[in-house]
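**Student:** Sharing a structure with you now.
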Amino acid sequence: MKRMVLTVVASFLASVALAQQPAPPAEGVAAKPAHAGHAPPACADPRPECSATATPAFARDGKLWLAFAVGRTVYAASSRDNGKSFAPATAVFAAPDGVVDSNGEARPKIVPLADGSLLVSYTTRPDKVMMGTVFLARSTDGGKSFSPPQPLLSEGGQRFETFVVAPKGRVYAAWLDKTNLLKAKAEGRPFAGSGVAFGWSDNGGASFEGKKILMDHACECCRVFGALDRDGLPVFVWRHVFDGEVRDHYAAKLSADGARLAGGRVSDDDWAVNSCPHHGPSLTIDAAGAWHVVWFTKGKKRSGLFYAASRDGGKSFSEPEKFGDDARAPSHAAVLAAKGRLHRVWKEFDGEATTIAAQVSADGGKNWSAPRAVAATADASDHPLLIERKGAVYLSWLTRKEGYRLIALPREAAKSAALDRKRP
Amino acid sequence: MTTRARALVLAALLLLAPQAAQALEFKPYGRGAFAQLRKEHADRPLIAHFWSVTCPPCLAELPEWAKLLRERKGVDVVFVNVDPDGDRARAAMRIEKAGLAGAAHYAFADDFAERLYYEVDTSWRGEMPFTALVAPDGGIVAVTGAIDDPLIAGWLEKRGKSAP
């Protein structure tokens, strides 16, 4: 009886909540008509534009796939025309309660594999549980349906998963793992940040082997970013917590046996802060094997967006080069190498509009074209991401007002492109 | 909503007592909110503290903020939760647990986050915790990081004493 009453009460509450959803907040500093120009409530349809983030990947057949979450449901959707239109999305999973991570840093991901199968990942944080759990689901029917999601690990607490697919099909995974933090807490020991953990799958993500924390004390709230090196091994970069709460970056390659990391500190920015920057790095590796990293810092030694490269497998990095206009709050940079070019993009905000600025380098990052605005919006937007297909690099960007956009980035600086047009 | 419906909701909330943390009220914080807050607290020292449930340092220091609230009279403090709606119940739970249920709470009601950050401090990109110390004369000190930052203690020394 009591149970029934509770159910009735719960459904009544739910209906009240639903009925009230469109109503504006009753009071508060932003509830006045003067601020009526606010973003409308997020839509609830299973479309990318109803999500805060959409993570892209190209499949071998040229289809563009997006993974995204609307509310607590994770979706995958594909496009045959580079993101102009999408087939109806497939629901991968609907979380019964809590939250599915869907923000710039932590977000659902999709990995199309060579055999045509798809691997989708996402992180849930159920009610009353402070830890995240990473789930994986596979599709072997071209995204029509997905297997019941399986947790990557069922204990500890994991977030910020990322994947790198090796040429022979091995799927490497990296994530931030709170297992050692929990252990330390239970023993009353202080512990900074999270562990960085790795594993790999030789069956398209159905199961992962060698899951292990290889380094402790990564910053616990910034994305980990991976890229494939020339030798088929994955390299990852993350914000690390060095001694004295210094949150600078570290990049390392996973060994062939998956048991060791080899790399080094990207830069000594000296950002000593007990905070969550929510602002992770990006990494790409070019055909010559150089590791290119972009990141954000507010360190004592430098502040803003920076770029550096390592040509010795992470043992040393070039002097950080500043980019972005500090007067326009530059943030969330991405970098990608393809076909002899290095592209980087980032957000800038002038108080009204967010712009994606882009630069290209034809000499491995030594010289860059003048920054060019490639897209803009005057409302909420996702981080800018870069993806590549057949040597062409695209900006992938989801914005509240304009929806999803995939924008091809020119291989040449604007000036030389103009010159090209004059040629016969 | 009718009175009867209100009574029913109240009864329902009481029945669901363990989740009562959700009853905590967050005022919406949108575009222009920071300027509005400054106006509302003009001539008084104001601390606007921004925090997130996905930020362990933020959670760890919430009880410290409760302590500060108990000790410091004459300084207005408002808390702004920056999480999306889905995390609000969790945020309310954390507030209750830290003993901050009686404080003034706002929550991001607009996902154009960079704009909300920019309105507080043009160099703020969303690092948490983040605290804006607003002096009675309007001068702002922005602090990225934890409450034990010497900037906060120093500001409180001055503002606390000069406050009525």
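As given, the protein sequences belong to chains A and B, one line each in that order.
Heads up: the first sequence begins at 2 in the working numbering, then just goes up one per residue.
Heads up: the second sequence begins at 4 in the working numbering, then just goes up one per residue.
Glycine is no exception: its CB is placed at the ideal position from the N, C-alpha and C atoms.
1) Who are the Cβ neighbours of D102 of chain A in its own chain at under 6 Å, not counting the five residues just before and after it?
2) Within the chosen definition, does the segment 56–69 of chain B reach the segment 90–105 of chain B through at least 3 CB pairs nearer than 8 Å?
3) Rounded C-beta distance between G315 of chain A and G265 of chain A? I'm assuming under 8 Å.
4) Determine whether the Cβ of G89 of chain B lies closer than 8 Å to any Cβ atom of chain A.
5) Can you tell me which of the three DSSP states A167 of chain A falls into?
6) Should the segment 359–372 of chain A be regarded as contacting the segment 198–210 of chain A, the criterion being three or more beta carbon pairs within less than 8 Å?
7) Counting Cβ pairs closer than 8 Å, one from the segment 304–314 of chain A and one from the segment 382–396 of chain A, do we hit at least three?
8) Looking at chain B, is there any beta carbon in it that lies within less than 8 Å of the beta carbon of G352 of chain A?
9) Against chain A, with Cβ distances strictly below 8 Å, would A92 of chain B count as a contact?
10) In whole angstroms, give me the CA-to-CA distance for K340 of chain A and V121 of chain A.
11) Going straight from the alpha carbon of G157 of chain B to that of A149 of chain B, what length do you get?
12) Pull up the DSSP beta-bridge partners for L67 of chain A, would you.
13) State yes or no: is the beta carbon of K110 of chain A nearer than 8 Å to at least one beta carbon in chain B?
14) Would you check if the segment 269–277 of chain A and the segment 293–304 of chain A touch, i.e. whether three or more CB-CB distances between them fall below 8 Å?
15) List the residues of chain A that R47 of chain B touches, going by C-beta distances under 7 Å, in chain order.
16) Could you give the residue range of the alpha helix (DSSP H) that holds I357 of chain A?
17) Find the residues of chain B that neighbour P49 of chain A, judging by a C-beta separation of less than 7 Å, and give them in chain order.
18) Would you report the Cα separation of Y405 of chain A and G84 of chain A, rounded to the nearest angstrom?
19) I need the DSSP call for P235 of chain A, collapsed to helix, strand or coil.
20) Give the residues from the segment 88–113 of chain A that approach chain B closer than 7 Å (Cβ to any Cβ), ordered along the chain.
21) Looking at the C-beta of R41 of chain B, does it have a partner C-beta in chain A at a distance below 8 Å?
22) Report buried or exposed for E117 of chain B, applying the criterion of at least 16 other Cβ atoms within 10 angstroms of its Cβ.
23) Between which two residues does the alpha helix (DSSP H) harbouring I98 of chain B extend?
24) Are the C-beta atoms of N181 of chain A and some chain B residue less than 8 Å apart?
25) Since E74 of chain B is in the beta strand (DSSP E), which residue starts that stretch and which ends it?
26) Would T56 of chain A and A45 of chain A qualify as a contact pair, given that the criterion is a beta-carbon distance under 8 Å?
27) If you run the structure through DSSP and keep just helix, strand and coil, what is G366 of chain A?
28) Does DSSP put I150 of chain B in a helix, in a strand, or in coil?
29) Closer than 8 Å by C-beta to K402 of chain A: which residues in its own chain qualify, once you throw out the five before and the five after it? Chain order, please.
30) For A381 of chain A, return the contacting residues in chain B, with the cut-off set at a CB-CB distance below 8 Å.
31) Are V294 of chain A and V267 of chain A closer than 8 Å when you measure CB to CB?
32) Examine chain A for any beta-carbon lying closer than 8 Å to the beta-carbon of E130 of chain B, and answer yes or no.
**Tutor:** According to the data block:
1) T124
2) yes
3) 5 Å
4) Yes, G89 of chain B lies at the interface with chain A (some Cβ there is under 8 Å from its Cβ).
5) coil
6) Too few Cβ pairs lie closer than 8 Å, so no.
7) no
8) Using a Cβ-Cβ cut-off of 8 Å, G352 of chain A counts as an interface residue toward chain B, since at least one Cβ of chain B sits closer than that to its own.
9) Yes, contact with chain A.
10) 28 Å
11) 14 Å
12) A:P57, A:A78
13) no
14) yes
15) Under the 7 Å cutoff, chain A gives no residues; its nearest Cβ is about 16 Å from R47 of chain B.
16) Per DSSP, I357 of chain A belongs to no alpha helix (DSSP H); it is in the beta strand (DSSP E), 355–362.
17) Here the premise fails: no neighbours, minimum Cβ distance about 15 Å.
18) Between Y405 of chain A and G84 of chain A, the C-alpha separation is close to 7 Å.
19) Correct three-state label for P235 of chain A: strand.
20) V100
21) no
22) By the neighbour-count definition (other C-beta atoms within 10 Å, threshold 16), E117 of chain B is a buried residue.
23) 91–101
24) no
25) No beta strand (DSSP E) contains E74 of chain B, which is instead part of the alpha helix (DSSP H) from 59–74.
26) no
27) coil
28) I150 of chain B falls in the coil class under three-state DSSP.
29) T378, A379, D380
30) D113, D114, F115, A116
31) yes
32) yes
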